[in-house]
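Take a look at the structure below.
2 protein chains.
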Amino acid sequence: MPSDPLSSTLAALAHPTRRAILARLAAGAATVKELSTPFRMSAPAVSRHLRVLEGAGLITRSREGQWRPCRLEAAPLREVCAWTDEFRPFWNRDSEPLDTWLQHLRKKATA
Amino acid sequence: MPSDPLSSTLAALAHPTRRAILARLAAGAATVKELSTPFRMSAPAVSRHLRVLEGAGLITRSREGQWRPCRLEAAPLREVCAWTDEFRPFWNRDSEPLDTWLQHLRKKATA
DNA sequence: CCATTATTTAGCCATGTCGTTAATTAACGA
DNA sequence: TCGTTAATTAACGACATGGCTAAATAATGG
């Protein structure tokens, strides 16, 4: 499993539950209990999702008495957006025409 | 494993080799062979990465004689950027102050 | 000290990933 | 038809994910 920062971030986001957790945390910090209830998921399951998010630097957790409030850390999302942004010129256009591929072949032939 | 479109896209992107393949395809279509050489990876390995990318709708493949040229399909990246964009207000600010959490506790106490 | 609440850890199981090599299928071209 | 090249599939191994329940760890508050 790749462990570079961007890969960790993307892998963490590649699960609907974890994205929903981040969306929830955008509205304010929350405890594990508060998160597990709406997602109809056991506390251990949520705890593990949180560990993944923490590993990706997408949340931080602190100790507040017996609670472990989670807070959103959205900075890694900037890198994700920056990466996709590189492809912005391609978002709206169809895949390149067949011509390009044929030119490519022709170039190899002459080489 | 989640199979919704956004999760598929993010999972496909969560591997440096696959991101590098997309970056390469931005410069034009390429065959499996052309992709496997620079990545010092066996053709089967690349073939499977391509399958993942295809499953996420990030590339399309056609048959051109004995070659299977891959072309970039960047549309799904738009959705990724759109999702992260929702968090743009949080990108540059520190995690919410502790105050918010304390208010949160106080609210529960009075409720 | 004991009961309660919050959270994590430990097992379990099924399934997916990611690389390899070896074998198979598809198409070309003399 | 035969040999070559391109690409996929099959099979393997090591390991991660994602859910569960049950048990262990913290901290609170009588």
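Taken in sequence, the protein lines are chains A and B. Take the first sequence: its position 71, counted from the start at 1, is 70 in numbering that gives the first Met the number 0, and no numbers get skipped. Take the second sequence: its position 1, counted from the start at 1, is 0 in numbering that gives the first Met the number 0, and no numbers get skipped. For each residue, glycine too, the CB sits at the ideal point set by N, CA and C.
Interface flag, residue i vs chain A, CB-CB below 8 Å
i	result
S6/B	yes
A110/B	Any reading at A110/B needs caution, since the residue's pLDDT is 47, under 50, leaving its predicted position unreliable; the model's value is listed next. So, not an interface residue.
R77/B	yes
A44/B	no
A25/B	yes
L49/B	no
Distance, residue j Cα to residue i Cα
i	j	result
R77/B	T16/A	21 Å
T8/A	G56/A	8 Å
P75/A	V31/B	32 Å
A42/B	A22/B	18 Å
L136/A	A73/A	Past the edges of chain A, shown from 0 to 110, lies residue 136/A, and the structure says nothing about it.
Q65/B	L12/B	28 Å
L71/A	L52/B	29 Å
A81/B	I58/B	20 Å
W90/A	M0/B	26 Å
D84/A	E63/B	31 Å
R87/A	S46/B	26 Å
S6/A	G54/A	11 Å
Endpoints, the alpha helix (DSSP H) within which residue i is located
i	result
R23/B	P15 to L24
T83/A	A74 to D84
P88/B	R87 to W90
A10/B	P4 to L12
A55/B	Taken as a continuous stretch (DSSP letters only), A55/B belongs to no alpha helix (DSSP H), as it is neither H nor E.
Closer than 8 Å to chain B by CB, residue i
i	result
L12/A	yes
P37/A	no
D3/A	yes
A74/A	yes
L52/A	no
L9/A	yes
Simplified DSSP state of residue i, which is helix, strand or coil
i	result
L71/B	strand
R60/B	strand
A29/B	strand
Any non-hydrogen atom of the ligand SAH closer than 7 Å to residue i Cβ
i	result
A25/A	In the structure on display, the ligand SAH does not appear, and there are no ligands present to speak of.
- Message: Under 8 Å: do the segment 32-46 of chain B and the segment 26-38 of chain A share three or more Cβ pairs, one atom per stretch?
- Response: No contact exists between the segment 32-46 of chain B and the segment 26-38 of chain A.
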